[in-house]
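Beneath this line is the structure, given in structure tokens, with notes to follow.
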Amino acid sequence: MRESSNAPGYPLTVGTPALRASIRDWAIRRLGAKGEFDLLPLIGSKELVAWLPTLLQSKRVLFPEVAYPTYSVGAILASAVGTPVPIDPSAWPDADLAWINSPSNPTGRVHSIDELEAVIAWGRAKNSVIASDECYLDFGHGIKPTSILMYTNGENKNILAVHSLSKRSSMAGYRAGFIVGDPNLIARLREIRKHAGMIVPLPIQNAMAAALADELHVAKQRQIYNARRERLKPALERVGFRIEETRAGLYIWCTRDEEDWDSVAWLAELGILVTPGHFYGVKGARNIRIALTATDSHIDEAISRLNATSRVKK
Ligand SMILES: Cc1ncc(COP(=O)(O)O)c(C=O)c1O
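Residue 137 is where the sequence shown starts when you use our numbering, and the numbers rise one by one after that.
Next up, the structure:
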């Protein structure tokens with residue numbers, strides 16, 4: 137990024153040839169992308185999540201019933217009807233855009249191959265776009281989460297996989313993401329985004345290419361998050377929390393079978409800040425989300441405070 141900071145010209149919306157080649161290689165190597173596909177850099181993935189329904193003029197948008205709130209925000213911005221849905225698509229209502237998120241924020245749940253294939257089949261039957269938000273793909277814990285692109289058999293019509301370097305390479309401050317998938321859909325998005333000025337700055341494009349060419353830092357960071365999860369888990373269980381799903385991602389999703397605010401308040405008294413589950417949908421109202429992005433020393437401090445408390449809930 138430093139070497140390309142002198143960037144007086146407009147950057148390319150499609151991405152530099154070097155960035156395009158590195159996303160392409162990574163998509164084949166890591167995502168298992170096959171057949172015809174295209175790609176497009178994003179200014180972080182949140183802008184795409186928020187604006188995709190508007191750019192596609194979607195009318196009915198589905199998203200997971202416990203989910204990152206921006207899927208719903210995107211439906212609202214597009215004046216579309218947003219509907220929270222369970223994992224299994226068999227009873228999903230008709231829609232022109234469906235979001236899935238595996239590994240999930242906040243739950244850490246990972247879709248099985250059967251579940252991914254069921255969503256692909258649903259999208260094909262309904263002629264609906266499937267946007268698969270895979271920004272936590274590299275953070276499995278004893279499991280290697282896989283991309284939807286592995287199961288399309290190279291038939292990528294209406295499929296978009298959404299990725300971000302915010303999590304994979306701890307580059308949230310850079311605003312760097314990308315999509316990979318249906319070439320026709322991406323051509324439409326590229327055209328609008330070009331005219332709307334949704335362009336990734338050149339120094340960031342070059343930093344993205346460098347980050348994608350390296351897997352070592354990702355493996356190291358994965359180990360750090362997973363070690364934090366291992367250490368926090370018993371301390372949370374000792375004070376009565378039940379940990380659900382959490383097989384991947386940057387969070388622990390847990391419950392003490394009480395209102396989320398009661399858990400938040402109890403932990404706040406110990407000086408531990410967590411997120412109430414209802415931020416992620418009404419189904420999360422008895423859960424909390426604990427971020428593993430705190431430093432090791434803060435995680436250790438939280439563990440010792442939990443272990444020191446006598447107020448253990450039975
Ligand atoms: C599920 C999910 N998708 C997308 C994003 C957006 O990330 P970014 O805009 O940094 O790429 C986040 C950030 O927390 C997220 O949790």
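Note that CB positions come from ideal geometry on N, CA and C, so glycine has one too. Fair warning: this is a prediction, and the values are worked out from it, not measured in the lab.
The C-beta distance from residue 285 to residue 321 rounds to 13 Å, too long to fall under 8 Å, and the pair is not in contact. Separation of residue 352 and residue 304 (C-alpha to C-alpha, rounded to the nearest whole angstrom) is 11 Å. Annotation for residue 183 indicates a beta carbon within 8 Å of some heavy atom of ligand 1. Burial is judged here by how many other beta carbons sit within 10 angstroms of a residue's own beta carbon; residue 375 has at least 16 and is buried.
With three or more CB-CB distances shorter than 8 Å, the stretch 336-355 counts as touching the stretch 299-313. By the neighbour-count criterion, in which 16 or more other beta carbons inside 10 Å mark a residue as buried, residue 263 falls on the exposed side. No heavy atom of ligand 1 is found nearer than 8 Å to the CB of residue 361.
Residue environment: residue 294 is assigned as buried (16 or more neighbouring CB atoms within 10 Å of its CB, all protein chains considered). Taking non-hydrogen atoms of ligand 1 into account, the C-beta of residue 300 is found less than 8 Å away from one of them.
Distance between residue 191 and residue 239, taken at the CA atoms: about 25 Å. Counted as a single uninterrupted DSSP element, the alpha helix (DSSP H) harbouring residue 210 occupies residues 206-213.
Residue 175 and residue 188 have their alpha carbons spaced roughly 15 Å apart. With a cut-off of 8 Å, the C-beta of residue 180 is classified as near ligand 1, since at least one heavy atom of the ligand falls inside that distance. Looking at the DSSP output, residue 200 bridges to 221.
Looking at the DSSP output, residue 268 bridges to 236 and 297.
Per DSSP, residue 391 lies in no alpha helix (DSSP H); the unbroken beta strand (DSSP E) holding it starts and ends at 387-391. Distances from the CA of residue 273 to each of 421, 384, 148 and 410 were compared; the closest alpha carbon is that of 384. For residue 169, the closest alpha carbon among the candidates 390, 372, 341 and 283 is that of 283.
Bridge partners of residue 411 according to DSSP: 425. Segment contact: the stretch 427-446 against the stretch 396-415, three or more CB-CB distances shorter than 8 Å; contact assigned. Here residue 379 has 369, 372, 373, 388, 389 and 390 as same chain residues with Cβ atoms under 8 Å from its own Cβ, once five neighbours each way along the sequence are excluded. Setting aside the 5 residues that flank it on each side, residue 427 is surrounded in the same chain by 386 and 387, each with a C-beta closer than 7 Å to its C-beta; the list follows chain order. Residue 329 and residue 178 have their C-alpha atoms some 10 Å from each other.
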